[in-house]
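According to the numbering used here, the residues represented by the sequence shown are 7 to 605, in order. For reference, the structure is listed below as structure tokens.
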Amino acid sequence: MSHTFHIPVLGLGFTIDTPLKVARYGISSVLSIVDDMLIERMRKFYAKKHDEDYVPIDMKDEDHRAKRVCDYLNMINRKVNEQFEHLRQQAFVPDSDITRYFNLLPEGSALKIKYNQMLSATSEEEKARLELELREGMQKGSIDVNIMAKVDKMNYTLNGELAGDDNSDALAGLKGFAMSDLRSSVVLSAGMNPRLYSYLEHFPDFYPDEEGVLKKRIILKVSDFRSAFIQAKFLAKKGIWISEFRIESGLNCGGHAFATEGYLIGPILEEFKNKRQEMITELFGIYQQALVAKNIEVPGVPSLRVTVQGGIGTSEEDTFLVNHYNLDGTGWGSPFLLVPEATNVDEATLTNLTQSSADDFYVSAASPLGVPFNNYRLSTAEIQRQERIDKGRPGSPCRKKYLVSNTEFTEQPICTASREYQNLKIKQLKAMALPEEEYQSEFEKVTQKLCLCEGLVTSVYIKNDILERKENTAVAICPGPNLAYFSKVMSLDEMVKHIYGKINLLQGVSRSSLFINELNLYVEYLKKDIQAHIDRLDAKKIKQLEKFKEQLLLGVDYYKNLTANFNNQTEQYLKRFSDELLAIEAQLQSIRVREASEA
7 MSHTFHIPVL GLGFTIDTPL KVARYGISSV LSIVDDMLIE RMRKFYAKKH DEDYVPIDMK
67 DEDHRAKRVC DYLNMINRKV NEQFEHLRQQ AFVPDSDITR YFNLLPEGSA LKIKYNQMLS
127 ATSEEEKARL ELELREGMQK GSIDVNIMAK VDKMNYTLNG ELAGDDNSDA LAGLKGFAMS
187 DLRSSVVLSA GMNPRLYSYL EHFPDFYPDE EGVLKKRIIL KVSDFRSAFI QAKFLAKKGI
247 WISEFRIESG LNCGGHAFAT EGYLIGPILE EFKNKRQEMI TELFGIYQQA LVAKNIEVPG
307 VPSLRVTVQG GIGTSEEDTF LVNHYNLDGT GWGSPFLLVP EATNVDEATL TNLTQSSADD
367 FYVSAASPLG VPFNNYRLST AEIQRQERID KGRPGSPCRK KYLVSNTEFT EQPICTASRE
427 YQNLKIKQLK AMALPEEEYQ SEFEKVTQKL CLCEGLVTSV YIKNDILERK ENTAVAICPG
487 PNLAYFSKVM SLDEMVKHIY GKINLLQGVS RSSLFINELN LYVEYLKKDI QAHIDRLDAK
547 KIKQLEKFKE QLLLGVDYYK NLTANFNNQT EQYLKRFSDE LLAIEAQLQS IRVREASEA
């Protein structure tokens, strides 16, 4: 890879066309293929922008979801290839894109070293030779896609019949990627879906070709070693190799927050570091047997990358993570929401984000999936949600139905953020004649659910001026808490230079280490979990909470020992880290789970 970082998926629409903006510079990024309606709108938008023919794929068409995904990815791939070839043929002059390509590279990369040699070449012959080698050595960024494995709604035909297993949301999205021209990766996130994982076997591009090359690769987004290994073995038995484990902090990330049982990012990375080779050896043995059974040759042990993302804020943190844990790269997500060249954030939301405080970013129960969700208090979607409650009309119209899952009141699943569900649930609560305080608590639990299907794509429609008449203008956005420390709109060049330590965009900003920030998030999560169950803390829950607390204390001990390895930080940083660690330890020790249940 040209760069040591990637841009992870950001919501449904914020990175939907990011490859068209950054891939030609060698930067890899991930786009979501959950929303085929958005995908079709964007394909139409770019066809018009480039004066190309556009043949719509109607929702009534057979296999429309997979076809929409496939055609959009093919368009993105074609355009990126055109951009890259055009860039590669440019002259090495100050204002050209090819010069920008090399200026963005990290200083230690082989290509950047050769580029600097070319600039200082003393003869025209040597300069021409180096220019040719540079052009041949350039790589475009990968166009990767993300599928939330558990967002896998079954779909129905116009006659009301089930459309078949392979037409569920996740499987149809995977099929669209598999049919596309891309040579890249699908990131499988949000847990294991055996049906989806088994479906991978249907597509030859996930198996090695005659030269042992995987045309399409699998990246697993994981939050701990054990679950990563279990999922990788499940797939290896089917002859499917994991090309990368993308480790993400359970809480210090954007979007949905999948909290671990108190396992922190440092100890998790340590376990991957210590067991990585042993894991690869075991996985390869299983993989080899499966391929032999399928009469597929195995040329050798494929590569297995390990990367990390979630809450990284400085070049020093990035460098430490890569060097200390022997990682292959890092992911920088939420800060790129402030880079208009790379992502889709409308002007009003962008301005709000730059003026926000840490309190404006919080873990909420807004997601209809029932998973904690990193939310933004000042988003227009949150404001609209409250306005609807004030008017006595809580909930949202449910048009896209990607997150329908509840069958409490209906035969077919509906969404808990929908007006239909919330009206039915509130009527039920009223009929129960609960005490006022208990009713209000239950009412808030119901009405805090937010329509993400529309809210997370509105920004891209507004920014590209393709919002249709009468469409909702409320924007939902899901940054990680780390965004609170970045307070200006940044150019792509500035963001990349910050990642590589050439400039410091957080100069003068008071910010704790990513390890401390994550620890604080977990302590707060533990407190909320205790409070949420205070009236019904049975023995099983008490045991789970005490184990959670114990894991956090083990993490504190781990970080105490880790400080000796912080060789790229100042004395002031080390003292602050130690002081904050001791304060968190004291706070954890003061939490008495069993006593809370008896209070």
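Heads up, the beta-carbon is just placed ideally off N, CA and C, and yes, glycines get one too.
How about residue i and residue j: do their beta carbons lie closer than 8 Å?
i, j, result
"L525", "L559", "no"
"G306", "G245", "no"
"P374", "T422", "yes"
"I224", "S191", "yes"
"S229", "T266", "yes"
"G317", "S255", "yes"
"K243", "I292", "yes"
"K239", "L289", "yes"
"R94", "M144", "yes"
"I395", "V314", "no"
"L136", "M124", "yes"
"P25", "L37", "yes"
"L188", "L79", "yes"
"N173", "H330", "no"
"T336", "D352", "no"
"A155", "A184", "no"
"C459", "K406", "yes"
"V28", "G147", "yes"
"G179", "R47", "no"
"L456", "A372", "yes"
Who are residue i's beta bridge partners in DSSP?
i, result
"K368", "Just to set this straight, residue 368 is Tyr in the shown sequence, not Lys. Per DSSP, N381."
"S516", "None, per the DSSP bridge assignment."
"E227", "According to the sequence as given, residue 227 is Lys; it is not Glu. In DSSP, K227 forms a bridge with R252."
"D150", "V36"
"L344", "Per DSSP, none; premise fails for L344."
"V28", "DSSP lists no partner for V28."
"L220", "P214"
"V312", "F251"
"S186", "Partner(s): none; S186 has no beta bridge."
"H262", "F379"
"I420", "N412"
What do you get for residue i, buried or exposed, if any count of 16 or more other CB atoms within 10 angstroms of its CB means buried?
i, result
"D23", "buried"
"L520", "buried"
"A480", "buried"
"S614", "With the chain represented from 7 up to 605, any question about residue 614 goes unanswered, as that position is not in the structure."
"S361", "The amino acid at residue 361 is misidentified as Ser; the sequence shows Gln. With fewer than 16 Cβ atoms within 10 Å of its Cβ, Q361 is classed as exposed."
"V298", "exposed"
"P378", "buried"
"T357", "exposed"
I'd like to know whether the C-beta of residue i is nearer than 8 Å to at least one C-beta of chain C.
i, result
"E113", "As a matter of chain content, chain C is missing from the structure shown, which is built from one protein chain."
What residue range does the alpha helix (DSSP H) around residue i cover?
i, result
"F583", "E577 to Q595"
"M285", "I271 to A299"
"V328", "S321 to H330"
"I318", "Unbroken run through I318: none, as it is neither H nor E."
"I104", "D103 to L110"
"S204", "P200 to Y205"
"S411", "Taken as a continuous stretch (DSSP letters only), S411 belongs to no alpha helix (DSSP H), as it is neither H nor E."
"L625", "The shown model of the chain, from 7 to 605, leaves out residue 625, and the question about it has no answer."
"E388", "T386 to D396"
"Y427", "R425 to A437"
"R49", "D42 to K55"
"L16", "Counting along the chain, L16 falls outside any alpha helix (DSSP H), and DSSP gives it neither H nor E."
"I302", "No alpha helix (DSSP H) holds I302; DSSP gives it neither H nor E."
"G461", "L458 to K469"
"H504", "L498 to I505"
I'd like the span of the beta strand (DSSP E) that includes residue i, first residue to last.
i, result
"R252", "I248 to E254"
"Q96", "It is not in any beta strand (DSSP E) - Q96 carries neither H nor E in the DSSP assignment."
"T336", "G335 to G337"
"S191", "S191 to S195"
"F11", "F11 to I13"
Taking C-alpha atoms, which residue in the options lies nearest to residue i?
i, options, result
"A533", "D150, K555, Y382 and N429", "Looking at the sequence itself, residue 533 is Lys, so the reference to Ala does not match. For the residues D150, K555, Y382 and N429, the minimum Cα distance to K533 belongs to K555."
"E277", "R600, Y408, N332 and G261", "N332"
"K159", "R201, M124, S186 and L140", "R201"
"I540", "R517, R598, L588 and G179", "R598"
"G507", "R47, G319 and Y491", "G319"
"V515", "T464, A490 and A538", "A490"
"E139", "K118, G147 and D150", "K118"
"A354", "L384, V502, C76 and E113", "L384"
"P403", "Q428, N380, D471 and L473", "Q428"
"F251", "L473, Q575, V312 and S447", "V312"
"Y60", "S115, Y52 and F326", "Y52"
"E303", "L409, L220, V562 and R475", "L220"
"H12", "I468, L257, G261 and V502", "V502"
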